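Take a look at the structure set out below.
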Amino acid sequence: MDHAATATHAEGQQHPVAIYMYIWALLFVVSTFSYLVDYFHLHGALRWTLILVFMIVKAGFIVAIFMHMRWERLALKLAILVPPLCLLVLICLMAIEGNYTFVTRLASFVH
Amino acid sequence: MAYVALADRDHALHDPQTFVTKYIWSQDHKVIAIQYAVTAIAIGLVALVLSMIMRLQLGFPHTFSLIAPNDYYQAVTMHGMIMVIYLLTALFLGGFGNYLIPLMCGARDMVFPYMNMLSFWVYLLAVLVLVAGFFLPGGPTGAGWTLYPPQAISNGTPGASWGIICMLLSLAIFIVAFTMGGLNYVTTVLQARCRGMTLMRMPLSVWGIFMATILGLLAFPALFVSAIMMALDATVGTSFFMPAVVSMGKAPVHHGGSPLLFQHLFWFFGHPEVYIVALPAFGIVSDLLSTHARRHIFGYRMMVWAILAIGCLSFVVWAHHMYVSGMNPYFGFFFATTTLIIAVPTALKVYNWVLTLWRGDIHLTVPMLFAIGFIFTFTHGGLTGLFLGNVTVDVPLSATYFVVAHFHMVMGVSPIMVVFGAIYHWYPKMTGRMLNDTLGRLHFWVTFLGVYAVYLPMHYLGILGVPRRYFAYTTADFPESVQSLNASITVAALIVGTAQLFFLVNLVWSLRNGKPSGSNPWRATTLEWQTPDTPPKHGNWGAKLPVVYRWAYDYSVPGASEDFIPQNVPPSASAPAGAHA
Amino acid sequence: MALAVILVLLVVGTVLFHVLSPWWFTPIASNWSMMDDTVKLTFWVTGIVFVAVNLFMVYAIVKYRHRKEQKALYKPEDNRLEWILTVVTTVGVALLLTPGLFVWAKFVTVPADATEVEVLGQQWNWSYRLPGKDGTLGASDAALISADNPFGLDPKDARGQDDVLIASPELHLPVNKPVKILLRSRDVSHQFAVPQFRVKMDMVPGMVTYFWFTPTKVGAYNVLCEQLCGLAHFAMRGRVVVDDEAAYQAWLASQPTFAQTRAEVAGDPAAGAALYAVCSACHGAQGQGNPAMNAPKLAHQAGWYLARQLRNFKAGVRGADSKDVYGQQMSPMAATLADETAIRNVVAYIATLPDERPASSVHGDAAHGQALYGTCAACHGTAGQGIWATNAPRLAGMSDWYLARQLGNFQHGVRGTHLQDFAGAQMAQLAAALRDERAVNDVVAYLATLP
Amino acid sequence: MAADAVTTDAAALPGLHGAAMDLAADKQAFPVPWGKLMMWIFLLSDTFIFSCFLTSYMNVRISTTAKWPNPSEVFALNVGSTPVPLLLIAIMTMVLITSSGTMAMAVNYGYRRNRAITTSLMLITAGFGATFVGMQAFEWSKLILQEGVRPWGSPLGAPQFGASFFMITGFHGLHVSAGVVYLTVVALRVWNGFYDRKGTYETVEIAGLYWHFVDLVWVFIFALFYLW
Ligand code: HEA
Ligand code: HEA
Ligand code: CUA
Ligand SMILES: [Cu+2]
């Protein structure tokens, strides 16, 4: 947490430029990976897991480093990162609902 | 600490010179609050008149027949939407939120006054766009305030061409306005409190408004998105919510959209929305009760946690509005459970309100009367909510007048009670004069008894099976007695409606002739009553920000010389530290 | 203590109102009596809470009202009490929820022996489809819907051929047989609701929803639409008739299958011409109508509408009312048409007649009429051209005196009162929105201005 | 709790307890400038907007019975004669990520009060942003003119494909464009020393937050729309 200390004592968020370069490079790599997932026509569960994993990783880096979340106080981290969780309920239920609609359509409509 | 200084950093208050910058382009949260309140009440009165027109049709369908079916549906829609969004949401957050947050937190103003000012003007624009609907060809939309597609945008629904676009546009604008204001309220509460004002010392009014604002910031996006998508469906011809439909025998132009998706998005907004109008009422009524019962609020911590719990839960109960919508029926289990769980924290709040009165020193002032009226009607309305929340019980009652009765009792009556109580309570601070007491009591009694006479019987119409959103019934559907009951409901509603004149007259008359109130007529502890001058000047606190030493509820502290100790009074012999820091 | 007294009165009054209220559930006619039980249970629990909370509040108001040198008790937290209350409430809530969920579990699981019935909703009426011999429904598609395939069934789907189509809003069901109601909508969301059955469900366009029940009482029940579906939502009625087995089979036998409706041959104008000779006496050789004979213009009126009216006259659904003088004259005339083919032929002939504009004879304020017509336009079309999908006949360019008279008939219960005249009943409800004779004349006057 | 004004030394306490103490502090809950917190909360709200868009897209895509075009073919670019899947999208992604990198450094130099570098880095960022929007315009025109995809339907299959695509990328594009303007304005203010006079460069960081968020959203769009 000494970072936090420096971060708050010195003005604003100051961290060695190198770390941005590093993350930047990482994001490049991960993006390339997720691109390759498509390039090599991976399918099914594997494709999905990879896509989502890479997505989360990238999002994680951007929020944590570029947006300095990593150096913020836990209170702020929680305040910003917890509320989106209630979106998960919406997303899951909407996926199920979409499926349900799809099934009823298959069952009784011309297609 | 580098950052602690931030909160001490005083606003660069632009000092208003001209009349215009003082009262029109004002950045003073108090002026903005009043602008918000007046606009909201004005448009609220429109909705009130609409409701009276509806009642006349329902009560005396053939004697008056003022309106045709399309007018009726337009009235219902505008009535509902105006009341929920443009009256209550705006009044509680834009009005009371703006006025109370900085004063109760001991801030000089909102953190970003300029944006706060914009918020009002954009809100006004939203109202104007909404009203414009009345004057466009085809009139305002008659799709019901839930605006379900395909109905909302297909012929056969009044205002399906211009009205609905107006409505969607107005909602989008309103959301922009609300976001500008809301960001201000939240940030002010979190970052701009005065010294010693910890979150757990804040008055519950602020807590309620704060939580409601957060709900708004997270729930309005769903409405915003669905408004955009529906507007696209209507104008560009996309098929988000529109499946292939044969409207009026014409071949389908849309394909494969999902109407249920809209309903889910709408209620993902809609349910938090109902708490957006409920939570501020919860908070404010807590302060009214405690002040006028000269007793601390009972179980303050519990009250705060309940507000938080209700806020979180309100995002996972939305589909209790959709039990019979044709959604995946298995959702019923999940949503019935989450919905009934909400009853527990809400119940605790009810208990704590009553327990605040218990062993109090109750002054039956006008605000107190309204607060008690709130407890009575809210308990009633909340309990009927349990019927509807329990999926099986909802099936026969859904879409009947039972629902209408439920949500009027809990939203159309109880928060309105709080609005009135709050205005009687804070009017002295806003104007330096008391509202007339006799008129006030008259207003209370007619409104309270009147609305109960309106909405109690309505439940039973619903149980009998009378559907809502019906322009008229035939005797083939329901016995004559339904008609006579509807007639008596209408009479009661008309009386209540006109009784609001007592209030409006009182508001205007007391401005000049009310008896001077002094700075703290109710002998209340919270900071807004401790301002150096009443009404507070721009900047609220004169030279020095207040410092807070105690929670907001030090009433009747043992050993204190007075039966109340303001939050900014340091502990001393005559003012011992309360039990609760 | 006026407040306390009044609050007590309100609580007592509420309970009394509940007990004495004549407004209560309609007698149940399905297997869902458990739903009523859950409702009753909820009333007990919430009722007790309501009384308890409010009476306690009254007690507090009375006992602790302000008096000289009285001081409130300072005791911010009482965790024990809070916990007890939490537990009690949780128990109360669980008490309500558990039975509810059990019943819901029944609701979502359709019995294996339930027969399927499709309800097709549309602005603003109902029609139904039964699976037929093969016990399965054929596939449908909104894109296939047209005046002669109103159900939008797929002609190529073998399963659909024997589907029984019920074009009328009246559905018959056999008593004590579980049915799975499949709900489909043609245009917007509707809701198929019969208060006596308790259960109901929305029908959502673009998908098919369902619910099930077992009718337990022979009788006729009104179907109400309980999802706002546009202007005539409140007038969207149907009927479910629960029959004993014999009556049901008899009814079923008289309903056409999809294949049969496809097989119907178009009417033959030549044959119709001969039949029309009778009609021409009153309605004129060109079907231009004749006020002197009280006979409206027929030319240019929609064929499906004429056919339905002829059937209605024949069956005594229209023109039976003693106050409907001219309708009573028409009935025997319609009776001269032997059968469905005759009706189709004469209608086919009328379709060949030239359209000439009758002189207008009704005087009113067309401008005001235009405002009023906003409502009518929803079904009859902004140009008064008539729309088959809403069962609405052409109004523009038809005999205005006749329109005025019919509106009057609808308003005064002369027309649209027969149980089988659903469209008429619907029109009657909307005609009621026209305040008086003047309003009627204004609308008709406006119609006369339409091309 | 002490009865007189409390001022917690938040930075001192780590972990949950520290978080609790932060929230229990008087005056302010978070050791960040007002504007920064406001931006964070706004972004939170915006997150809900984009999530609703994406959820809707997911729902309609799952529920439609029509064929859903395969994005990796639709968005392929021909290099010579061989179609390379998602080529342009990949490049756009890289551009946006790069812009995020430069922005991050701009913030950094801002706090070091290095006006020249900050300004130039921000302008570069804005430049990348503009490039991104340009590429998007190209992609749109290709989709509309060559593939014949329209918001109300497409020859390739489900009408929701075009609809969702134009709506989501369009809404994101608006965010980017707004960001470009926003960054340029702030950059100029940096240049003319506005923030030196104001005494703090937090505005640069706030602008940065917004920009990174735009990048973040693209990450999700890329994964969920193009790769699904
Ligand atoms: C302020 C607004 C507000 C509030 C606070 C509530 C509160 C609740 N509402 Fe209400 N509701 C609306 C506004 C509101 N509602 C609106 C506007 C609609 C209609 C929208 C439309 O269709 O147009 C609606 C519709 C509505 C429906 C949909 C009905 C239908 O369309 O079929 C449902 C169903 O679950 C529901 C449930 C509830 C529940 C369970 C609560 C709970 O929060 C209530 C909790 C409170 C209590 C329970 C009372 C106090 C508790 C005690 C005294 C403890 C004792 C209890 C026990 C021991 C059991 N409401
Ligand atoms: C806050 C919300 C609110 C309020 C206050 C009201 C107030 C009233 N409502 Fe409304 N109503 C709704 C929200 C509200 N309603 C909603 C959401 C719907 C659903 C719409 C839909 O189905 O789409 C609805 C629908 C609705 C219906 C059902 C129509 C139908 O389904 O066919 C009816 C019928 O009687 C009705 C009647 C009334 C009456 C008589 C009042 C009376 O006004 C109550 C008595 C008067 C008061 C309690 C005073 C009110 C005070 C103000 C309005 C503030 C004005 C400001 C000042 C006077 C200072 N309303
Ligand atoms: Cu159909 Cu309402
Ligand atoms: Cu709800």
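Chains as they are written, first to last, in my numbering: chain V, 745 to 855; chain W, 658 to 1238; chain U, 266 to 716; chain X, 19 to 246. A virtual CB, placed ideally from N, CA and C, is assigned to each residue, including glycine. Everything numeric in this text was worked out from a predicted model, so none of it was measured.
1. Mind listing the chain W neighbours of U/T474? Cutoff is C-beta to C-beta under 7 Å, in chain order.
2. Run the CB neighbour count on X/L34, radius 10 Å, all protein chains shown included, and call it buried at 16 or more, exposed below.
3. Kindly provide the ranges of any alpha helix (DSSP H) runs that are 4 or more residues long and lie completely inside the stretch 834-916 of chain W, ordered along the chain.
4. Do the stretch 1026-1043 of chain W and the stretch 1062-1082 of chain W make contact, defined as three or more Cβ pairs closer than 8 Å?
5. From U/V368 to W/F792, what does the alpha carbon distance come to, in whole angstroms?
6. What does a CB cutoff of less than 7 Å around W/V1076 pick up in its chain, not counting 5 residues either side in sequence?
7. For X/C70, is the classification buried or exposed, using 16 other Cβ atoms within 10 angstroms of its Cβ as the cut-off for buried?
8. Say the cut is 7 Å; is the CB of W/P937 nearer than that to a heavy atom of ligand 1?
9. Looking at the C-beta of X/N126, does it have a partner C-beta in chain V at a distance below 8 Å?
10. If you scan the stretch 970-1057 of chain W from start to end, which runs of the alpha helix (DSSP H) of 4 or more residues do you find wholly inside it?
11. At a CB-CB cut-off below 7 Å, which residues of chain U make contact with V/F853?
12. Would you report the Cα separation of W/W802 and W/F923, rounded to the nearest angstrom?
13. Going by alpha carbons, who is nearest to U/Q388 out of U/L493, U/L430 and U/D413?
14. Evaluate U/L274 with the Cβ neighbour count: other Cβ atoms within 10 Å of its Cβ, from every protein chain shown; 16 or more gives buried, anything less gives exposed.
15. Flag W/S1055 as yes when its Cβ comes closer than 7 Å to any non-hydrogen atom of ligand 1, and as no otherwise.
16. Could you check the C-alpha separation between W/Y653 and U/V318 for me, to the nearest Å?
17. Measure from the C-beta of X/E223 to each C-beta in chain V and report whether the shortest distance is under 8 Å.
18. When you check each C-beta in the stretch 830-853 of chain V against every C-beta of chain W, which residues fall closer than 8 Å?
19. Quick one: is the Cβ of U/C494 within less than 7 Å of any heavy atom of ligand 3?
20. Distance check for W/G737 and U/F687, CA to CA, integer angstroms please.
21. Locate the beta strand (DSSP E) running through U/L478, then write down its first and last residues.
22. Which value, in whole angstroms, describes the spacing of the CA atoms of U/P470 and W/P900?
23. So with CB distances below 8 Å, who are the chain U contacts of W/L1005?
24. Closer than 6 Å by C-beta to W/H912: which residues in its own chain qualify, once you throw out the five before and the five after it? Chain order, please.
25. Within the same chain, show all residues whose beta-carbon is closer than 8 Å to that of U/Q671, passing over the 5 residues directly before and after it, in chain order.
26. Are there three or more Cβ pairs, one per stretch, closer than 8 Å when the stretch 482-490 of chain U is compared with the stretch 499-519 of chain U?
27. Going by CA-CA distance only, name the one from W/L760, W/Y756, W/Q808 and W/Y693 that's closest to W/A783.
28. List in chain order: all unbroken alpha helix (DSSP H) runs of 4+ residues lying wholly within the stretch 142-214 of chain X.
29. Can you name the residues of chain W whose CB is closer than 7 Å to the CB of V/P827?
30. Which residues, in order along the stretch 905-921 of chain W, keep a beta-carbon less than 8 Å from a beta-carbon of chain V?
31. Just how far apart, CA to CA, sit U/A542 and U/A599?
32. What separation, rounded to the nearest whole angstrom, lies between the Cα atoms of V/Q758 and W/V1011?
33. Compare the C-beta of W/L1255 against all C-beta atoms of chain X and say whether one is closer than 8 Å.
34. Under 7 Å Cβ to Cβ from W/D1094, same chain only, skipping five residues before and after it: list those, please.
35. Does ligand 2 have a heavy atom nearer than 7 Å to the CB of W/Y1127?
36. Would you say the beta carbon of W/M859 comes nearer than 7 Å to a heavy atom of ligand 2?
This is what the structure holds:
1. Result: G983.
2. Its Cβ having fewer than 16 others within 10 Å, X/L34 is exposed.
3. Qualifying alpha helix (DSSP H) stretches, in chain order: 861-892.
4. Yes, since at least three Cβ pairs between the stretch 1026-1043 of chain W and the stretch 1062-1082 of chain W fall closer than 8 Å, the two stretches touch.
5. Whole-angstrom Cα-Cα distance: 49 Å.
6. Taken in chain order, the residues that qualify are L748.
7. With 16 or more other Cβ atoms within 10 Å, it is buried.
8. False, no ligand heavy atom lies under 7 Å from that Cβ.
9. For X/N126, the answer is yes, since a Cβ of chain V falls inside 8 Å of its Cβ.
10. With a minimum length of 4 residues, the continuous alpha helix (DSSP H) runs that stay inside the stretch 970-1057 of chain W are 988-1014, 1023-1046 and 1048-1054.
11. Per Cβ cutoff of 7 Å: A404, S405 and D406.
12. Whole-angstrom Cα-Cα distance: 10 Å.
13. Distances from the CA of U/Q388 to each of U/L493, U/L430 and U/D413 were compared; the closest alpha carbon is that of U/L493.
14. U/L274 comes out exposed.
15. Result yes, Cβ under 7 Å from ligand 1.
16. Because chain W spans 658 through 1238 in this model, residue 653 of chain W falls outside it and cannot be assessed.
17. Judged by the 8 Å Cβ criterion, X/E223 is in contact with chain V.
18. So the close ones are C830, V833, L834, L837, M838, I840, E841, G842, Y844 and T845.
19. Checking the 7 Å criterion, the Cβ of U/C494 is within range of a heavy atom belonging to ligand 3.
20. For U/F687 and W/G737, the distance between alpha carbons rounds to 32 Å.
21. Correcting the residue identity first, residue 478 of chain U is Phe in this sequence and not Leu. Per DSSP, U/F478 is one residue of the beta strand (DSSP E) stretching across T474 to F478.
22. C-alpha separation (whole angstroms): 7 Å.
23. By Cβ distance, chain U contributes E347, L350, T351 and T354.
24. Contacts found: S896 and A901.
25. Around U/Q671: R680.
26. Per the Cβ contact rule, the stretch 482-490 of chain U is in contact with the stretch 499-519 of chain U (3 or more Cβ pairs under 8 Å).
27. In terms of Cα proximity to W/A783, the closest of W/L760, W/Y756, W/Q808 and W/Y693 is W/Y693.
28. Segments of the alpha helix (DSSP H) lying fully in the stretch 142-214 of chain X: 177-209.
29. The answer, in chain order, is L875.
30. Across the stretch 905-921 of chain W, CB contacts with chain V closer than 8 Å involve S915, L917, L918 and H921, in sequence order along the chain.
31. Near 13 Å, if we compare the C-alpha coordinates of U/A599 and U/A542.
32. Each residue's alpha carbon lies about 53 Å from the other.
33. It is not possible to answer for residue 1255 of chain W, since the shown part of chain W is limited to 658 through 1238.
34. Cβ neighbours of W/D1094 beyond the five flanking positions: V1023.
35. Within the cutoff, so yes.
36. For ligand 2, not one heavy atom lies less than 7 Å from the Cβ of W/M859.
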